[in-house]
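Quick notes on the structure that follows.
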Amino acid sequence: MSLRLPIIHGIEESDAGPYRLERLDLEFANGERRRYERLHGRGHGAVVVVPLLDDDTVLLVREYAAGVHRYELGLVKGRIDAGESPVQAADRELKEEAGYGARRLDVLRSLTLAPTYMSHSTHLVLARDLYPERLPGDEPEELEVVPWKLDRLHELILREDFSEGRSIAALFIARDWLGHHADR
1 MSLRLPIIHG IEESDAGPYR LERLDLEFAN GERRRYERLH GRGHGAVVVV PLLDDDTVLL
61 VREYAAGVHR YELGLVKGRI DAGESPVQAA DRELKEEAGY GARRLDVLRS LTLAPTYMSH
121 STHLVLARDL YPERLPGDEP EELEVVPWKL DRLHELILRE DFSEGRSIAA LFIARDWLGH
181 HADR
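Laid out in structure tokens, this is it:
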């Protein structure tokens, strides 16, 4: 099986709101030609934050989710602003959404949403040694902060109001990372 990337013969671009739509004219190693579409975000990426109140408790937030028209539990998340690092963005979003800052912030990895057609990447940040601090955010209402015990993760992932894939993946990744890096 060939691992050679397809040749891009041409790219057509158009505006798609917060994204740029690209239509790619591709030729694969076997000579097949296809047109693919992909979306590029106009921002600087995003962060999803796993804030640990203590070794056993993560903080979730409940906020309105327009895509499914309901209130949804999830992790703190948001865009990385121009000039911010993922760590700076995570600390800012944590203060805006949950009312906490963090003395320890570790970027664990990046996650993609739908890599077959989107370039968007989200940085997973573990936040520890929390302290109370609130910054004004862009949410239309204050978010409810919900502490959740990590040993009850099996209950959380089955809740109807906890469905966002990045939050689910981030919790499992963080829990596994903590289990293998207890000394850090």
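Residues 1 to 184, numbered by this note's numbering, are exactly what the sequence shown covers, in order.
Beta carbons: idealized from backbone N, C-alpha and C, even for Gly.
- Item | For residue 100, the nearest candidate out of 41, 161, 147 (CA to CA) | Locating residue 100 in the sequence shown gives position 100, where the first residue counts as 1. Answer by Cα proximity: 147.
- Short check: CB of residue 27 to CB of residue 35, under 8 Å? Within the sequence shown, residue 27 is the residue found at index 27, counting from 1. Within the sequence shown, residue 35 is the residue found at index 35, counting from 1. For residue 27 and residue 35, no; Cβs fall outside 8 Å.
- Message: So if DSSP puts residue 109 in a beta bridge, which residue, or which two residues, is it bridged to?
- Response: On the sequence shown, residue 109 is found 109 positions in, with the first residue counted as 1. The beta-bridge partner set that DSSP reports for residue 109 consists of 124.
- Message: Cutting at 6 Å between CB atoms, please list the residues of its own chain near residue 126, excluding the five before and the five after it.
- Response: Taking the sequence shown and counting its residues from 1, the one referred to as residue 126 is at position 126. If the five residues before and after residue 126 are omitted, its C-beta is found closer than 6 Å to the C-beta atoms of 50, 106, 108, 174, all from its own chain and listed in chain order.
- Query: Three or more beta-carbon pairs under 8 Å between the region 160-180 and the region 65-72, yes or no?
  - Reply: Contact between the region 160-180 and the region 65-72 is present, with at least three C-beta pairs closer than 8 Å.
- Message: Am I right that residue 144 and residue 61 are in contact with their C-beta atoms under 8 Å? What's the rounded C-beta distance?
- Response: Taking the first residue of the sequence shown as 1, we reach residue 144 at position 144. Taking the first residue of the sequence shown as 1, we reach residue 61 at position 61. For a cut-off of 8 Å, the C-beta gap from residue 144 to residue 61 is around 7 Å, short enough to register as a contact.
- Message: So, at 7 Å on beta carbons, what are the nonlocal neighbours of residue 47 in its own chain, with the 5 sequence-adjacent residues on each side left out?
- Response: On the sequence shown, position 47 is the one that residue 47 refers to. Sequence-distant partners of residue 47 (beyond 5 residues in either direction) whose C-beta falls short of 7 Å from its own C-beta, in its chain, are 77, 78, 80, 86, 89, 90, 93, 122, 123, 125.
- Message: Per DSSP, what are the beta-bridge partners of residue 54 in this structure?
- Response: Within the sequence shown, the letter at position 54 stands for residue 54. Paired residues: 57.
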